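*Asks:* Below you will find the structure I want to go over with you.
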Amino acid sequence: MEKPKAHIDYNNPVISIRGVAKAFEDFAVLRGIDLDLFQGENLVVLGRSGTGKSVLIKLVSGLLKPDRGTIKVLGQEVTEISDKELQELRIRIGFSFQNSALYDSMTVRKNLEFPLVRNRKSITRKEIDKAVEEVLDSVGLSQTINQMPAELSGGQRKRIGIARTLILNPEIMLYDEPTAGLDPITCTEINELINQVQQQYHTSSIIITHDLTCAKETGDRIAMLLDGQFQRVGTFKEVFDTNDERVKPFFDYNFIQ
Amino acid sequence: MEQLNSTSSPARKKRPKFVQKIFDFFSSLYNIHLFILRFFREAFVPPFEFKEIVRQCYEVGVRSFTLITVTGFIVGFIFTKQSRPSLVEFGAQSWIPKLVSIAIMRALAPLVTALIASGKVGSSIGAELSSMRVTEQIDAMEVSGTKPFKFLVCTRVLATTITIPILATYTGFIALIGGYLNVAQNEGTSYSAFMEEVFKPLTFVDFNASLIKAIVFGFTIGIVGCYQGYYSNKGTEGVGKAANGAVVTAMFLVFIEEVIIVQITGNFR
Chain A
446 MEKPKAHIDY
456 NNPVISIRGV
466 AKAFEDFAVL
476 RGIDLDLFQG
486 ENLVVLGRSG
496 TGKSVLIKLV
506 SGLLKPDRGT
516 IKVLGQEVTE
526 ISDKELQELR
536 IRIGFSFQNS
546 ALYDSMTVRK
556 NLEFPLVRNR
566 KSITRKEIDK
576 AVEEVLDSVG
586 LSQTINQMPA
596 ELSGGQRKRI
606 GIARTLILNP
616 EIMLYDEPTA
626 GLDPITCTEI
636 NELINQVQQQ
646 YHTSSIIITH
656 DLTCAKETGD
666 RIAMLLDGQF
676 QRVGTFKEVF
686 DTNDERVKPF
696 FDYNFIQ
Chain B
8 MEQLNSTSSP
18 ARKKRPKFVQ
28 KIFDFFSSLY
38 NIHLFILRFF
48 REAFVPPFEF
58 KEIVRQCYEV
68 GVRSFTLITV
78 TGFIVGFIFT
88 KQSRPSLVEF
98 GAQSWIPKLV
108 SIAIMRALAP
118 LVTALIASGK
128 VGSSIGAELS
138 SMRVTEQIDA
148 MEVSGTKPFK
158 FLVCTRVLAT
168 TITIPILATY
178 TGFIALIGGY
188 LNVAQNEGTS
198 YSAFMEEVFK
208 PLTFVDFNAS
218 LIKAIVFGFT
228 IGIVGCYQGY
238 YSNKGTEGVG
248 KAANGAVVTA
258 MFLVFIEEVI
268 IVQITGNFR
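Read top to bottom, the protein sequences are chains A and B.
Offset between the first sequence (1-based) and the working numbering: plus 445.
Offset between the second sequence (1-based) and the working numbering: plus 7.
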């Protein structure tokens, strides 16, 4: 699949991370990382399991607090803003969880309506229905509107999870392992959807994955997280054109085996 | 995820096991107080989740209804049956309705309801919120700019606080019916005569004390279940622990509260 050309503004970082460190108990996960996500860019963060990829986007969305360092999102310092400001900032960030995190007790419609009715106070019933239909249509799952999450397949759940974040028209998308546990065909569909979201909603995205096909098909830039720091950042070719023994196995496993 | 002042924080210091246990106890006590304060800070500030409160009230009521009906009836019937021989010995069987009503309305109805609800509702709230935490549903609510505490915790605590007094009243009524059946079986007393005798010894203080007890029990069951679930550890083990913790802690607190309220209301009689 050829990745559509993105319009990236390299003078306008929407996320700036500087010197961020995070440890759990005695284990240092992130050890002073620096990273920029530019306007309109899809940035893929690659790394082994347990290297702190998901921690990184949880820090960005304010779900976790860094031990040190600064995280600027859309011009606001996440660690310093008030709860109310953080809540308002979060509306501008979409977070697609690894296991979709759909609300079990609600239908697909209610799942999609949930953030909308709580963040747009003056919205009418008609506008809600229109927004739900549009966003479901954009992920190609209009027929599932009245189904419960338990009745959906893994791929469908992922798509609904993405649709739920898109309903608030976010400026930034954070994808946590979007293709984990899916078959190759569904993976390709999800990759296409990520690119479609970038084009249609003009989002800037951080995509956390260890799936190199996903990285290649969706990423404008790749950042390789190793030993708590970004060791290699660049295009797919730049990152993997190396003899670094910590990087090569990723490529070999995905494209040679 | 909101971070508690928990002992599992990254900055946790290494302490001797015994000291750590004491520290954990006071730490969780402090966290529970923060949790309760947060409930009062958020529950009565708009926007209100009326629909969800009604849905939760329905859930709490329906979940316990059958069990409470059966238990209430058995408690009334058995209590009357067991009290009979002693009273008959003194020729005081005519006191049975009064004895039954005092025991049921003052103590048994709210207590039995609270214990049943602790097992049925408290565990269910603990497990539900805990599994929502494990599957990142609470995080998903938080990152979408909504307030999960208000939607999940405030609604459930309000629902148990509202519904358990209603259920306790119902339990009292059913238990009295159980008691009446036993009395009718033995003495052939009519229903109206029994009920007339039942309400004679009860005062305004009795009804109020019973209502206050049920409200306090309801609040306790809700807050304990929510606390255990909302801040449960990750993993499926956390779900089980949350459900179990919700039941054990709520039951324990219900008994403690029973003692305290009985002591306080005793002063008004």
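Using N, Cα and C, we set each Cβ at its ideal position, and we do this for glycine too.
Please read these numbers as outputs of a predicted model, since none were measured by experiment.
1) Would you call the CB atoms of Ala257 of chain B and Ile219 of chain B closer than 7 Å?
2) Within 10 Å of its beta-carbon, does Glu203 of chain B have 16 or more other beta-carbons around it, so buried, or fewer, so exposed?
3) Are Thr162 of chain B and Ile75 of chain B closer than 7 Å when you measure CB to CB?
4) Within a Cβ cutoff of 8 Å, which residues of the same chain sit near Asn688 of chain A, ignoring the five residues on either side of it in sequence?
5) Taking the alpha helix (DSSP H) that Gly477 of chain A belongs to, which residues open and close that run?
6) Do you know how far the Cα of Met618 of chain A is from the Cα of Asp656 of chain A?
7) What ranges does the alpha helix (DSSP H) occupy inside the segment 526-586 of chain A, keeping only unbroken runs of at least 4 residues that lie completely in it?
8) Under 7 Å, do Ala546 of chain A and Glu143 of chain B count as touching if we go by C-beta distance?
9) Using beta carbons (cut-off 7 Å, strictly below), is Ser506 of chain A in contact with chain B?
10) Which value, in whole angstroms, describes the spacing of the CA atoms of Gly83 of chain B and Tyr187 of chain B?
11) Excluding five sequence neighbours on each side, which residues of the same chain lie with their C-beta closer than 7 Å to the C-beta of Gln592 of chain A?
12) Would you say Ala147 of chain B faces chain A, with C-beta separation under 7 Å as the test?
13) So which residues on chain A does Gly229 of chain B lean against when the C-beta distance must stay under 8 Å?
14) If we ignore side chains and look at the alpha-carbon of each, how far apart do Pro117 of chain B and Ala147 of chain B end up?
15) May I ask you to list, following chain order, the residues of the segment 559-577 of chain A that have a beta carbon less than 8 Å from some beta carbon of chain B?
16) For a test of the three-state rule: what should DSSP assign to Gln270 of chain B, helix, strand or coil?
17) Measure how close the beta-carbons of Ile639 of chain A and Thr663 of chain A come, nearest whole angstrom, since I'm counting them as under 8 Å.
18) Comparing C-alpha positions only, which one of B:Arg113, B:Gly79, B:Ala253 and B:Val223 sits nearest to Phe211 of chain B?
19) Starting from Pro282 of chain B, follow the alpha helix (DSSP H) in both directions and report where the run begins and ends.
20) For a test of the three-state rule: what should DSSP assign to Met618 of chain A, helix, strand or coil?
21) Contact defined as beta carbons within less than 8 Å: I believe Leu581 of chain A pairs with Ile573 of chain A. What is the distance between those atoms, to the nearest angstrom?
22) Taking all protein chains shown into account, decide if Arg276 of chain B is buried (16 or more other Cβ within 10 angstroms of its Cβ) or exposed.
23) Rounded to whole angstroms, how far is the Cβ of Leu627 of chain A from the Cβ of Lys603 of chain A, which I believe are closer than 8 Å?
24) Kindly indicate if chain A contains any beta-carbon less than 7 Å away from that of Val150 of chain B.
25) Could you check what DSSP says for Glu265 of chain B in three-state terms: helix, strand or coil?
26) Chain B partners of Glu533 of chain A, CB-CB under 9 Å?
27) Starting from Thr654 of chain A, follow its DSSP beta bridges and name the residues at the other end.
28) Quick check on the DSSP output: the beta strand (DSSP E) that includes Phe469 of chain A runs from which residue to which?
29) Go through its chain and collect everything with a Cβ distance to Arg691 of chain A's Cβ below 6 Å, but skip five positions before and after it.
30) Counting only runs that start and end within the segment 188-224 of chain B, where is the alpha helix (DSSP H) found for 4 or more residues in a row?
31) Report the rounded CA-to-CA distance for Arg563 of chain A versus Ser499 of chain A, giving the unit in angstroms.
32) If you measure beta-carbon to beta-carbon, which residues of the segment 620-634 of chain A are closer than 7 Å to chain B?
33) If you measure between the beta carbons of Val164 of chain B and Ile230 of chain B, is that distance less than 7 Å?
34) So, are the CB atoms of Ile123 of chain B and Ser71 of chain B less than 7 Å apart?
35) With H, G and I counted as helix, E and B as strand and the rest as coil, what does DSSP make of Thr120 of chain B?
36) On a Cα-Cα basis, can you pick out the residue from A:Leu482, A:Glu634, A:Ser461 and A:Lys575 that is closest to Asp454 of chain A?
*Replies:* Working from what's here:
1) For Ala257 of chain B and Ile219 of chain B, no; Cβs fall outside 7 Å.
2) Counting Cβ neighbours within 10 Å, Glu203 of chain B comes out exposed, since fewer than 16 surround it.
3) Note that the C-beta distance between Thr162 of chain B and Ile75 of chain B is not below 7 Å.
4) The beta carbon of Asn688 of chain A is closer than 8 Å to none in its chain, skipping five residues each way along the sequence.
5) For Gly477 of chain A, no alpha helix (DSSP H) run applies; the uninterrupted beta strand (DSSP E) run containing it begins and ends at Phe472 to Gln484, by DSSP.
6) Cα-Cα distance, rounded: 18 Å.
7) Listed in chain order, they are 528-536, 553-564 and 570-583.
8) Yes, they are a contact pair.
9) Chain B, which has a Cβ nearer than 7 Å to the Cβ of Ser506 of chain A, makes this yes.
10) Looking at the two C-alpha atoms, the distance is approximately 8 Å.
11) Within the same chain, Cβ atoms closer than 7 Å to the Cβ of Gln592 of chain A are found at Thr552 and Val553, the five residues on either side in sequence being excluded.
12) Chain A, which has a Cβ nearer than 7 Å to the Cβ of Ala147 of chain B, makes this yes.
13) Here the premise fails: no neighbours, minimum Cβ distance about 17 Å.
14) Going from the Cα of Pro117 of chain B to the Cα of Ala147 of chain B covers about 37 Å.
15) Across the segment 559-577 of chain A, CB contacts with chain B closer than 8 Å involve Phe559, Pro560, Arg563, Asn564 and Lys566, in sequence order along the chain.
16) Gln270 of chain B: helix per DSSP, three-state reduction.
17) Contact flag correct, Cβ pair sits at about 5 Å.
18) When each option's Cα is compared against that of Phe211 of chain B, the closest is B:Arg113.
19) Any answer about residue 282 of chain B is impossible in this case: the structure gives chain B only from 8 up to 276.
20) Residue state, collapsed to three classes: strand.
21) The pair is not a contact, with the Cβ atoms about 12 Å apart (cut-off 8 Å).
22) By the 10 Å Cβ count, Arg276 of chain B comes out exposed.
23) Between Leu627 of chain A and Lys603 of chain A, the beta carbon gap of about 7 Å places them in contact (Cβ cut-off 8 Å).
24) By this cut-off, Val150 of chain B is an interface position.
25) Three-state DSSP puts Glu265 of chain B in a helix.
26) For Glu533 of chain A, the chain B residues whose C-beta falls within less than 9 Å of its own C-beta are Gly152, listed in chain order.
27) In the DSSP output, where bridge partners are listed per residue, Thr654 of chain A has A:Leu491.
28) Phe469 of chain A -> beta strand (DSSP E) spans Asp454 to Phe469.
29) Cβ neighbours of Arg691 of chain A beyond the five flanking positions: Leu671.
30) Runs found: 198-206.
31) In this structure, the CA atom of Arg563 of chain A is about 26 Å from the CA atom of Ser499 of chain A.
32) From the segment 620-634 of chain A, no residue has a Cβ closer than 7 Å to chain B.
33) Closer than 7 Å, so yes.
34) Yes, they are a contact pair.
35) DSSP places Thr120 of chain B in the helix class (H, G or I) of the three-state scheme.
36) In terms of Cα proximity to Asp454 of chain A, the closest of A:Leu482, A:Glu634, A:Ser461 and A:Lys575 is A:Leu482.
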